[in-house]
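The structure appears below as structure tokens.
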Amino acid sequence: MTRPGIGSGVGSVLLVGAIALAPTAYAAVIYGTPGDDRLVGTPDRDEIRARDGDDRVLARGGRDLVFGGRGNDTLRGGQGWDDIFGEQGNDVLLGKRGIEHLIGGRGDDVVEGGRGHDILGNPAPNYGFEGDDILRGGQLADFIVDDKGDDVLYGGRGKAGGPNLFYIEYLSSGRGADQVHGGPGPDWLIPGEGADLVYGGRGPDEIGLRRDGRPDVIRCGAGNDVVSYGQRDRLDILFACEKVKTAQ
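Numbering (the working numbering), first residue to last: 93 to 340.
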């Protein structure tokens, strides 16, 4: 038996009120109750399952795996590379210092990146994002992608310059009528299948259009923006865009 706040090694069992830590490859497996819980991970690698109720979860050190469950939860990443799933309910997912993978779920979620290079949403289609979500990038360049619902995507601060994609914010919307806002750095903005609004940021952005039969409105920003398309819809409207090119 170990007191809260002290990390446990592999194979230990920890019972603290509503929390049960069982033997596993993780340092700890933490389960919530059907009620409203506050669950805090250990400094090592944990698996945290909040279950029902409106829960508050804090992942600490290590690469943690967090599941929110059915309630309206607040799930915070820690210092490590965490995978956090909101699941059902209207959840708030917050990154911290590590490289976070933050996936909302079926409710109307708010997802915000932290200080690392984060992935907000799931690159795999049809994951089940059925709510109207807000996804906001963090301090470094993030990969932001949504699926269903009428969502709002905000680019984070990003980081100007650099030799690879990690220095470019990537935002891709899904099937709903979405808003996509570029950040102050260089962004790659891709509207989805709905009638979307795209706002370029202060940095040099590239905006990719495709034919989906819906009118997209593109407002380029203060940077040297480029709009590229393969088969552009005639219904698309562009404002103040410096360069428009056809994809080869």
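In this text, a Cβ means the ideal position worked out from N, Cα and C, and glycines have one as well.
Check	Outcome
Any alpha helix (DSSP H) of 4 or more consecutive residues that is wholly inside the segment 126-168	none
Nearest residue (CA-CA) to residue 296, options 283, 156, 287, 279	279
Residue-chain proximity (residue 171, chain C), Cβ-Cβ < 8 Å	Looking at the structure shown, chain C is missing, and only one protein chain is on hand.
C-alpha distance - residue 332 paired with residue 320, whole-angstrom precision	14 Å
Residues near residue 131 in its chain [Cβ-Cβ closer than 7 Å; skip 5 each side]	111, 122, 124, 140, 142, 147, 149
Close-in-space but distant-in-sequence residues of the same chain around residue 312 (CB under 6 Å, 5 per side omitted)	292, 332, 333
Short Cβ contact (8 Å threshold) for residue 268 with residue 247	no
Buried or exposed by the 16-neighbour rule on C-beta atoms within 10 Å, applied to residue 182	buried
Distance CB(residue 173)-CB(residue 160) smaller than 8 Å	no
Within 8 Å, strictly: CB atoms of residue 210 and residue 225	no
Straight-line gap, residue 192 to residue 169 (C-alpha atoms, nearest Å)	7 Å
Segment limits, beta strand (DSSP E) that includes residue 246	244-246
Cα-Cα separation between residue 175 and residue 270, rounded to whole angstroms	25 Å
Contact check, residue 178 vs residue 206, beta carbons under 8 Å	no
Straight-line gap, residue 288 to residue 300 (C-alpha atoms, nearest Å)	12 Å
Sequence-distant residues of its chain with Cβ nearer than 6 Å to residue 202 (five each side left out)	184, 226
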